[in-house]
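J.: Residue 156 in my numbering sits at position 161 of the sequence shown, and the numbers go up by one each step. Take this structure first; my questions come after.
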Amino acid sequence: MVRDEFQVFPWDGTKRWLDTWNHDQDLRSAMRNSVVWVYQKFAREIGVEREGLYLHKIDYGNADPSGADPFWVDGNLTISAQEQITFLRHLYRNELPFRVEHQRSLKDIMIVEAGRDWILRAKTGWSGTAGWWVGWVEWPTGPVFFALNIDTPKRLDDLPKREAVVRAILTSIKALPAS
């Protein structure tokens, strides 16, 4: 399915609402820009049944990939912030039931920002009504995990709040350096 993080996924020419989605993608750009059509392609290749088996295997929320396409945005899949943290801890420790090199690649493409002695790894998401930002700040003394879910009644106008809220909290507890 995916050779490596540099594999290019050709854009199908369908104009989508975000300009960053309207060109060829690799795993880094797809992750950074939450390019749903790339992940839909993967999900369709895997199939709902196998997707459900994987979700159960990694104990990801209610592990229900049914209801819509994409299931993680509009379907029946649900996961709490605490369950997200549990999943992130397993990923951090390379404890997911996948090859270690694949877990390391995922963590590499999750890097948002880094300093001399810290790394911020995270992923945004948005369903149209709820937004989230989950990840961790990695320090030599250990990680600080976070998971935020917020309602987004003002839709796109609310999306920057995901990162702003988390960054403010992480900065206040000295888990992230001040800008």
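We treat Cβ as the ideally placed atom computed from N, Cα and C, and that holds for glycine. These figures come from a predicted structure and were not determined experimentally.
Among 2, 6, 81 and 125, which residue has its Cα nearest to the Cα of residue 18?
T.: Of 2, 6, 81 and 125, the residue nearest in Cα terms is 6.
J.: List the endpoints of the continuous beta strand (DSSP E) containing residue 73.
T.: Here residue 73 belongs to no beta strand (DSSP E), and DSSP marks it neither H nor E.
J.: If residue 120 and residue 61 are in contact, beta carbons under 8 Å, what's the gap, nearest whole angstrom?
T.: The pair is not a contact, with the Cβ atoms about 19 Å apart (cut-off 8 Å).
J.: Taking only runs that begin and end inside the region 38 to 99, name each unbroken alpha helix (DSSP H) of 4 or more residues, in chain order.
T.: If we require 4 residues or more, the alpha helix (DSSP H) runs fully inside the region 38 to 99 come out as 43 to 52, 66 to 69 and 76 to 87.
J.: Report yes or no: do the region 106 to 116 and the region 127 to 144 share at least 3 C-beta pairs separated by less than 8 Å?
T.: With a cut-off of 8 Å, the region 127 to 144 and the region 106 to 116 count as touching, because enough Cβ pairs lie within range.
J.: By DSSP, does residue 162 sit in helix, in strand, or in coil?
T.: Note: residue 162 maps to helix in three-state DSSP.
J.: Are the CB atoms of residue 0 and residue 168 within a distance shorter than 8 Å?
T.: No, these two residues do not count as a Cβ contact at 8 Å.
J.: Tell me the rounded alpha-carbon separation between residue 136 and residue 110.
T.: The alpha-carbon atoms of residue 136 and residue 110 are separated by roughly 14 Å.
J.: Under 8 Å: do the region 83 to 93 and the region 31 to 46 share three or more Cβ pairs, one atom per stretch?
T.: At 8 Å Cβ cutoff, the stretches do not touch.
J.: Cα separation between residue 160 and residue 9?
T.: Residue 160 and residue 9: Cα-Cα distance of roughly 34 Å.
J.: Tell me where the beta strand (DSSP E) around residue 143 begins and ends.
T.: Start and end: 137 to 146.
J.: If you draw a straight line from the alpha carbon of residue 122 to that of residue 155, how long is it in whole angstroms?
T.: The straight-line gap from Cα to Cα measures roughly 14 Å.
J.: Name the one or two DSSP bridge partners that residue 132 has.
T.: Residue 132 pairs with 115 and 139.
J.: Which residue comes first and which comes last in the alpha helix (DSSP H) that contains residue 25?
T.: Element bounds for residue 25: 22 to 27.
J.: Tell me, to the nearest whole angstrom, how far the beta carbon of residue 157 is from that of residue 171; I am working on the premise that it is less than 8 Å.
T.: Wrong, their Cβ atoms sit about 15 Å apart, outside the cutoff.
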